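Chains as they are written, first to last, in our numbering: chain H, 401 to 513; chain S, 2 to 115.
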């Protein structure tokens, strides 16, 4: 099983809403990532969970908060988002350490109104 | 931080022809890994090919091959016998152990002309 699943596929939310994105993998990967991707642009790293430690891209606003309930699940909690946060949110996972590739989920297309 | 540069924002190729996508990177590390990822329109990003810096032999996966020039810090992707399904954004990426961060280039949008 080389699949990373993400739910929901699409999400429309208002600026005052609270929502969560979910990511799951069953490949035994211990590193999981959240990326934000705008159209025709590369993914921008938001968060990395590795060795049960969280690494944060310091440019990510606090209205995004990750949660890793266990080694297979990764959530991204959203609160009070802005229209500029509309993007494709990608989850990825990899084995930790030397040179292993990332496996990406299909993404959640988020629209903030 | 390492930087990855893709100097061709857009490329096009005739079906069945060969195309080469360029990637250069900047690093002071000697041990690292390079990847090409493909992202078709509205579809999932998938790994195309992977190269280990300590291996001199260029990686090959079916119609996809790389030209890895370590001294020049260059990592180009060659697609042979291009097919319509090859149309996608292609991202070059870099990873150096022991860290888990990947550095992506800006991408090249490939169009395949029937």
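Heads up, the beta-carbon is just placed ideally off N, CA and C, and yes, glycines get one too.
Here the structure is a predicted model, which is why all the values come from computation and not from measurement.
Same chain, Cβ closer than 7 Å to residue 500(H), neighbours up to 5 away in sequence not counted:
The sequence position of residue 500(H) within the first chain is 100, counting from 1. Excluding residues within five positions, the ones whose Cβ falls inside 7 Å are 494.
Closest to residue 69(S) by C-alpha separation, out of 80(S), 40(S) and 54(S), would be which residue?
Position 68 of the second chain, counting from 1, holds the residue named residue 69(S). Of 80(S), 40(S) and 54(S), the residue nearest in Cα terms is 54(S).
Residue 98(S): contacting residues in chain H (beta-carbon distance under 7 Å):
Here the question's residue 98(S) lines up with position 97 in the second chain. Per Cβ cutoff of 7 Å: 497, 498 and 499.
Environment of residue 470(H) [buried if 16+ CB atoms lie within 10 Å]
Taking the first chain and counting its residues from 1, one reaches residue 470(H) at position 70. Exposed, because fewer than 16 other Cβ atoms sit within 10 Å of the Cβ of residue 470(H).
Opposite residue 21(S) in the DSSP bridges: which residues?
Here the question's residue 21(S) lines up with position 20 in the second chain. Partner(s): 79(S).
Neighbourhood of residue 66(S) by C-beta distance below 8 Å, restricted to the same chain and skipping five residues each side:
The residue you call residue 66(S) lines up with position 65 of the second chain. Contacts found: 50, 59, 60, 78, 79 and 81.
Kindly provide the ranges of any beta strand (DSSP E) runs that are 3 or more residues long and lie completely inside the segment 6-66 of chain S, ordered along the chain.
11-15, 20-22, 25-27, 34-40 and 47-53
Short-range partners of chain S found in the segment 443-475 of chain H, where Cβ spacing is below 7 Å:
443, 445, 448 and 450
Using a threshold of 8 Å, state whether the C-beta atoms of residue 422(H) and residue 475(H) are closer than that.
One-based indexing of the first chain puts residue 422(H) at position 22. One-based indexing of the first chain puts residue 475(H) at position 75. Yes, Cβ-Cβ distance for residue 422(H) and residue 475(H) is below 8 Å.
Along the beta strand (DSSP E) that carries residue 425(H), what are the first and last residues, could you check?
For the purposes of this step, residue 425(H) is taken as residue 25 along the first chain, with counting starting at 1. Its beta strand (DSSP E) spans residues 418-425.
Which of helix, strand or coil does DSSP assign to residue 466(H)?
Your numbering for residue 466(H) matches position 66 in the first chain. Correct three-state label for residue 466(H): strand.
Per DSSP, which one or two residues make a beta bridge with residue 488(H)?
As a position in the first chain, residue 488(H) is number 88, starting the count at 1. Paired residues: 437(H) and 509(H).
Would you call the CB atoms of residue 189(S) and residue 94(S) closer than 8 Å?
Past the edges of chain S, shown from 2 to 115, lies residue 189(S), and the structure says nothing about it.
Nonlocal neighbours in the same chain, by C-beta distance under 6 Å from residue 107(S), ignoring five residues either side
Taking the second chain and counting its residues from 1, the one referred to as residue 107(S) is at position 106. Taken in chain order, the residues that qualify are 7.
Does the distance from the CB of residue 40(S) to the CB of residue 92(S) come in under 8 Å?
Residue mapping note: residue 40(S) aligns to position 39 of the second chain, counting from 1. Residue mapping note: residue 92(S) aligns to position 91 of the second chain, counting from 1. Taking 8 Å as the Cβ cut-off, residue 40(S) and residue 92(S) qualify as a contacting pair.
Indicate the three-state DSSP secondary structure (helix, strand or coil) for residue 445(H) in the structure shown.
Working through the first chain from its first residue, we reach residue 445(H) at position 45. The answer is strand: DSSP assigns residue 445(H) an E or B state.
I want to verify the contact list: residues of chain H whose CB lies under 8 Å from the CB of residue 86(S), in sequence order.
Reading the second chain from its first residue, position 85 is the one you call residue 86(S). Within chain H, no residue comes near residue 86(S); the closest Cβ sits about 17 Å away, beyond 8 Å.
Going by beta carbon distance, what residues of the same chain come within less than 7 Å of residue 481(H), once the five residues before and after it are set aside?
Locating residue 481(H) in the first chain gives position 81, where the first residue counts as 1. If we look at residue 481(H) and ignore the five residues flanking it on each side, its Cβ neighbours are 413, 415, 463 and 512.
Within its chain, find whatever has a CB closer than 7 Å to the CB of residue 404(H); leave out the 5 residues flanking it on each side and keep chain order.
For the purposes of this step, residue 404(H) is identified with residue 4 of the first chain, where counting begins at 1. Here the set comprises 423, 425, 491, 492, 493, 503, 504 and 505.
What residues in the segment 20-40 of chain S have a beta carbon less than 7 Å from any beta carbon of chain H?
34 and 36
Rounded Cβ spacing between residue 33(S) and residue 97(S) (contact assumed at less than 8 Å):
Working through the second chain from its first residue, we reach residue 33(S) at position 32. Working through the second chain from its first residue, we reach residue 97(S) at position 96. Indeed, because the Cβ distance is near 4 Å, the residues count as touching under 8 Å.
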